[in-house]
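Here is the structure we will look at, set down as structure tokens.
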Amino acid sequence: MVDLFKCLSSSDRAGIDRSLGSHVKDISSITATAFGFPHKVAAGTGSRSWREAYRSMLEGVLRDAEDALVSLPYDSIRSYTTNQSHFLDEIKEPSLVILDLASERNVLVDEQTKQISGMLGCANAVWGDPLMANVFDGPSEAFLEGFGPRPSRVAGAKVRQLLYAVYRATVTIVTHYYRPAQECREFEARRSLTSALNQLTGV
Numbered sequence: 012m013v014d015l016f017k018c019l020s021s022s023d024r025a026g027i028d029r030s031l032g033s034h035v036k037d038i039s040s041i042t043a044t045a046f047g048f049p050h051k052v053a054a055g056t057g058s059r060s061w062r063e064a065y066r067s068m069l070e071g072v073l074r075d076a077e078d079a080l081v082s083l084p085y086d087s088i089r090s091y092t093t094n095q096s097h098f099l100d101e102i103k104e105p106s107l108v109i110l111d112l113a114s115e116r117n118v119l120v121d122e123q124t125k126q127i128s129g130m131l132g133c134a135n136a137v138w139g140d141p142l143m144a145n146v147f148d149g150p151s152e153a154f155l156e157g158f159g160p161r162p163s164r165v166a167g168a169k170v171r172q173l174l175y176a177v178y179r180a181t182v183t184i185v186t187h188y189y190r191p192a193q194e195c196r197e198f199e200a201r202r203s204l205t206s207a208l209n210q211l212t213g214v
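Residues are numbered in the working numbering as their position in the sequence shown, beginning at 1, plus a constant of 11.
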């Protein structure tokens, strides 16, 4: 979709965003009996709470970072996320979350109809809070229209989104060290991480 995106009108883009919001809503309606990565849930080793799953996921990334000697504010990440992790207990039901749907590379659009024809990157998923998907990081009004009632207006949801921003930024930074890519997003991720941590201190 990357090249096609440049040729889309604002109306076409809004239609795609609206459709994407509807698809994300449908995906999040699929539920499981436990929280965490799909392979763990399928094996019966998922977490009983979303707080437990999130902390396990984040700790796994941080340990990978420590093994690779990645420069990160480890103490701040662990402290600030732990202090606010009780907000994660607001999530009682594990929903299917595709984490990377915001990437234009993962949304296939038909050149003729200008409608979504498919989605990629679905392997990067988790059973948890729909708000963890990166599509909720600055979503368009059209996307929110397609998704439905705006959950981020709730105070707890805003804190959860900061926790997810910390996770996503940390994953991006660590991934760069293990699998360097031509398109480096490390600096942007570090800015996002700093911003999220600073906002968590004010909660």
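Glycine included, every Cβ here is placed at the ideal spot set by N, Cα and C.
{"Asked": "Among all the DSSP beta bridges, which residues are the ones paired with L173?", "Found": "Paired residue(s): none; L173 is not in a bridge."}
{"Asked": "Name the residue from V118, V108, R74 whose alpha carbon lies nearest to the alpha carbon of V137.", "Found": "V108"}
{"Asked": "Which runs of the beta strand (DSSP E) spanning at least 3 residues fall entirely within the stretch 70 to 116, listed in chain order?", "Found": "106 to 109"}
{"Asked": "Alpha carbons only, please: which of R24, I27, M143, C133 is nearest the one belonging to Q172?", "Found": "M143"}
{"Asked": "On a CA-only basis, which of L110, V118, H187, T181 is nearest G139? Give me that one, please.", "Found": "L110"}
{"Asked": "Can the beta-carbon of F46 be found less than 7 Å from the beta-carbon of G55?", "Found": "no"}
{"Asked": "Please confirm if the stretch 94 to 109 is in contact with the stretch 62 to 77, defined as three or more CB-CB distances below 8 Å between the two stretches.", "Found": "yes"}
{"Asked": "Can you give the beta carbon distance from S203 to A180, rounded, assuming they're within the 8 Å contact cut?", "Found": "4 Å"}
{"Asked": "With a 10 Å radius around its C-beta and 16 neighbouring C-beta atoms as the bar for buried, classify I41 as buried or exposed.", "Found": "exposed"}
{"Asked": "Considering L211, what are the terminal residues of the beta strand (DSSP E) in which it resides?", "Found": "Per DSSP, L211 belongs to no beta strand (DSSP E); it is in the alpha helix (DSSP H), 197 to 212."}
{"Asked": "Could you tell me the alpha carbon to alpha carbon distance between H50 and I127, rounded to whole angstroms?", "Found": "28 Å"}
{"Asked": "Output the distance between the C-alpha atoms of V72 and V182, rounded to the nearest integer angstrom.", "Found": "6 Å"}
{"Asked": "Identify the residues that DSSP records as bridge partners of I127: which are they?", "Found": "V120"}
{"Asked": "Should F198 go down as buried or exposed, given a rule of 16 or more other Cβ atoms within 10 Å for buried?", "Found": "exposed"}
{"Asked": "Considering just the uninterrupted stretch of the alpha helix (DSSP H) at R53, what are its terminal residues?", "Found": "Looking at the sequence shown, residue 53 is not Arg but Ala. Unbroken alpha helix (DSSP H) run through A53: 49 to 53."}
{"Asked": "For D28, does the count of other Cβ atoms within 10 angstroms reach 16, so buried, or fall short, so exposed?", "Found": "buried"}
{"Asked": "Check whether the Cβ atoms of V81 and Y188 sit closer than 7 Å, and answer yes or no.", "Found": "yes"}
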